[in-house]
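Asker:
Protein chains in written order, with the working numbering: chain A, 744 to 1013; chain B, 744 to 1013.
#1: Are residue 849 of chain B and residue 973 of chain B close, meaning C-beta to C-beta below 8 Å?
#2: Taking buried to mean at least 16 other C-beta atoms within 10 Å of its own C-beta, is residue 758 of chain B buried or exposed?
#3: Could you tell me the distance, in whole angstroms, from the CA atom of residue 1024 of chain A to the CA atom of residue 947 of chain A?
#4: How long is the line joining the alpha carbons of residue 1003 of chain A and residue 994 of chain A, rounded to whole angstroms?
#5: Once DSSP output is grouped into helix, strand and coil, what is the label at residue 955 of chain A?
#6: I'd like to know if residue 1005 of chain A contacts chain B, where contact means its C-beta is closer than 8 Å to some C-beta of that chain.
#7: Within the same chain, show all residues whose beta-carbon is closer than 6 Å to that of residue 767 of chain B, passing over the 5 residues directly before and after it, in chain order.
#8: Spell out whether any CB of chain D is found under 8 Å from the CB atom of residue 750 of chain A.
#9: Which residue comes first and which comes last in the alpha helix (DSSP H) that contains residue 865 of chain B?
#10: Taking the alpha carbon of residue 932 of chain B as the point to measure from, which residue in A:927, A:851, A:828 has its own alpha carbon closest?
#11: Taking the alpha helix (DSSP H) that residue 887 of chain B falls in, what are its first and last residues?
#12: The beta strand (DSSP E) with residue 986 of chain A in it runs from where to where?
#13: Measuring CB atoms only, is the region 956-965 of chain A touching the region 914-934 of chain A, in the sense that at least three cross pairs come out at less than 8 Å?
#14: Could you give the residue range of the alpha helix (DSSP H) that holds residue 923 of chain B?
#15: List the endpoints of the continuous alpha helix (DSSP H) containing residue 824 of chain A.
#16: Just the C-alpha distance for residue 991 of chain B and residue 818 of chain A, rounded to the nearest angstrom, thanks.
#17: Could you tell me the distance, in whole angstroms, from the CA atom of residue 1010 of chain A to the CA atom of residue 799 of chain B?
#18: Starting from the C-beta of residue 746 of chain A, find all residues in its chain whose C-beta is less than 8 Å away, skip the five residues before and the five after it, and write them out in chain order.
#19: Are the C-beta atoms of residue 829 of chain B and some chain A residue less than 8 Å apart?
#20: In terms of residue numbering, what span does the beta strand (DSSP E) encompassing residue 978 of chain A cover?
#21: Consult DSSP for residue 754 of chain B and reduce its assignment to one of helix, strand or coil.
#22: Which partner residues of residue 816 of chain A appear in the DSSP bridge assignment?
#23: Got a sec, what are the start and stop residues for the beta strand (DSSP E) residue 767 of chain A sits in?
#24: Measure from the alpha carbon of residue 858 of chain B to the alpha carbon of each residue in B:839, B:830, B:952, then state which is nearest.
#25: Determine, using beta-carbon pairs with one atom in the region 873-892 of chain B and one in the region 915-928 of chain B, whether at least three such pairs fall under 8 Å.
#26: Is there a Cβ of chain B sitting closer than 8 Å to that of residue 901 of chain A, yes or no?
#27: Return the Cβ separation of residue 893 of chain B and residue 971 of chain B in integer angstroms, given the expectation that the two are a contact with Cβ distance under 8 Å.
#28: Might you give, ordered along the chain, the residues of its own chain that have their beta carbon closer than 7 Å to the beta carbon of residue 959 of chain B, omitting 5 neighbours on each side?
#29: Along chain B, which residues have their Cβ under 8 Å away from the Cβ of residue 932 of chain A?
#30: For residue 790 of chain B, decide whether its Cβ has a neighbour in chain A, counting only Cβ atoms nearer than 8 Å.
#31: What would DSSP say about residue 909 of chain A, mapped onto helix, strand or coil?
#32: In the structure shown, what three-state DSSP assignment does residue 796 of chain B receive?
#33: From the DSSP secondary-structure annotation, give me the bridge partner or partners of residue 919 of chain A.
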């Protein structure tokens, strides 16, 4: 007889798998945990996969091969990502967000754990099979959403700085032209990055694409491939032309005092 | 007859509850989800609570009253937090981490999603009943662990900056003396903080406690109470004297080239 009931095993497997998205757990891991046979755990896995699918809570997959096992991926189902982002857009449209100079206040959204983890899942969902080794962001505002993307992909986050810091060790510094047309510095710790790996760029906002191109050129210095570039928001013009293949969640039209804020969910968000 | 089996309902409840720690879900939420009676869902909840307890995966609690329902708290059991942090200390002791000037490289640890979410759970576990309204950190390195703490507490994260930014709107700026004895500026957006609320300070490192005292004085400007101050690491001397009631996870002794790195888990970590 099994030591634990199926419903107990399923609850525990769900907690363990969803707490570490995209991490592969061997069947043996759960066999030991439950003192159960492989056949039992396999059956549990099949039930769990079907249940997650039915309730649209993500996918539980069996990975075969030497490094095989089970993993959970918090995929967003058709329609859900769009509904989620429509809500965020609605928050963005509050007239009180307009700041002098046509800026929009959305720091609250960029550091809300529930919102950034939802957005991180949307980004991750596009790159599960792209062999991403790490997520790269530029300090400061994009860090929360970049961290949540890294968590969903089960890879580390690496943060580029505006200047070299003594506690980062030796660093590669580059100059780039920011969206505002100003020459800025970007610094990345040499020990943080492994040559020949693959990065995913995640950042908060793209206006002219200058910072994003800076990050691309920084990745080039390390001989690192770029799998893609994700942004919480981009201007309507930048979204199309500034960087090929960029994925902004929201597109921002004009911001003028007194006029409604023009912001919409990007077409790729399903 | 119920539409879904108990093991299916338990898997789904686990996913929903653990994905939003400390958030209260009403029984009705699950009744609607499953088309099940309240008595059925109550029984499910009791089984889930017992299972999580047995496997030491956190607590599932029933909250009574008008705003009542169920919530999941990722509590760390006696001994586990210490084991987890002993591992992190072991990583910290790698001689390759020593930088010129007695600095220690640990940016990789501070932005590893798995490690910072573990540390965030340890911090949150100390403050579940402290009525924390938001987590406050100072840019940049503490942002990941502060975000994960905020997620575990189900509250927003607010980030203080080194200078006013146009996209943060009007801000309160203060001057403070940093751990290095330099006068620095700290800026906090006025619209980010609600007067009379309660904050938890989370940051990466405390040397002399200057930045932490700066954050305390900033909170005073907003008439905000401070529930506590958590740090990934503090120097042995700062850990004891720099700030009353501070909770550093690790205590750092001397760092000298060639000598072993003296770092240990703080006593409060169980």
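Each residue gets a CB set at the ideal place from its N, CA and C atoms; glycine is no exception.
Answerer: With the given structure in hand:
#1: No, the Cβ-Cβ distance between residue 849 of chain B and residue 973 of chain B is not below 8 Å.
#2: It counts as buried.
#3: This structure gives no information on residue 1024 of chain A, because the portion of chain A shown stretches from 744 to 1013.
#4: Approximately 14 Å, taken between the alpha carbons.
#5: Three-state result, residue 955 of chain A: helix.
#6: At a cut-off of 8 Å between C-beta atoms, residue 1005 of chain A does not count as an interface residue with respect to chain B.
#7: Correct list, in chain order: 806, 812, 814.
#8: In the structure shown, chain D does not exist; the protein chains are A and B.
#9: Segment 856-868, the alpha helix (DSSP H) holding residue 865 of chain B.
#10: Here the closest residue by C-alpha is A:851.
#11: Its alpha helix (DSSP H) spans residues 886-896.
#12: Per DSSP, residue 986 of chain A lies in no beta strand (DSSP E) and is assigned neither H nor E.
#13: Cβ pair count under 8 Å is three or more, so yes.
#14: Per DSSP, residue 923 of chain B belongs to no alpha helix (DSSP H) and is neither H nor E.
#15: For residue 824 of chain A, the uninterrupted alpha helix (DSSP H) run begins and ends at 823-835, by DSSP.
#16: Taking the straight line from one Cα to the other gives about 36 Å.
#17: Whole-angstrom Cα-Cα distance: 43 Å.
#18: So the qualifying residues of the chain are 777, 778, 779.
#19: Not one chain A Cβ lies under 8 Å of residue 829 of chain B.
#20: Element bounds for residue 978 of chain A: 968-978.
#21: If DSSP states are grouped into helix, strand and coil, residue 754 of chain B belongs with the helices.
#22: Residue pairing by DSSP puts residue 816 of chain A in a beta bridge opposite A:802.
#23: Bounds of any beta strand (DSSP E) do not take in residue 767 of chain A, whose DSSP letter is neither H nor E.
#24: Per the C-alpha coordinates, the member of B:839, B:830, B:952 positioned closest to residue 858 of chain B is B:830.
#25: No, because fewer than three Cβ pairs between the region 873-892 of chain B and the region 915-928 of chain B fall closer than 8 Å, the two stretches do not touch.
#26: Closer than 8 Å to some Cβ of chain B, the Cβ of residue 901 of chain A qualifies, so yes.
#27: Cβ-Cβ separation between residue 893 of chain B and residue 971 of chain B: approximately 14 Å, too far for a contact (criterion under 8 Å).
#28: Around residue 959 of chain B: 969.
#29: Result: 848, 850.
#30: Using beta-carbon distances, residue 790 of chain B counts as an interface residue toward chain A, with a partner under 8 Å.
#31: It is helical.
#32: For residue 796 of chain B, the three-state secondary structure derived from DSSP is helix.
#33: DSSP output for residue 919 of chain A lists A:927 as bridge partner(s).
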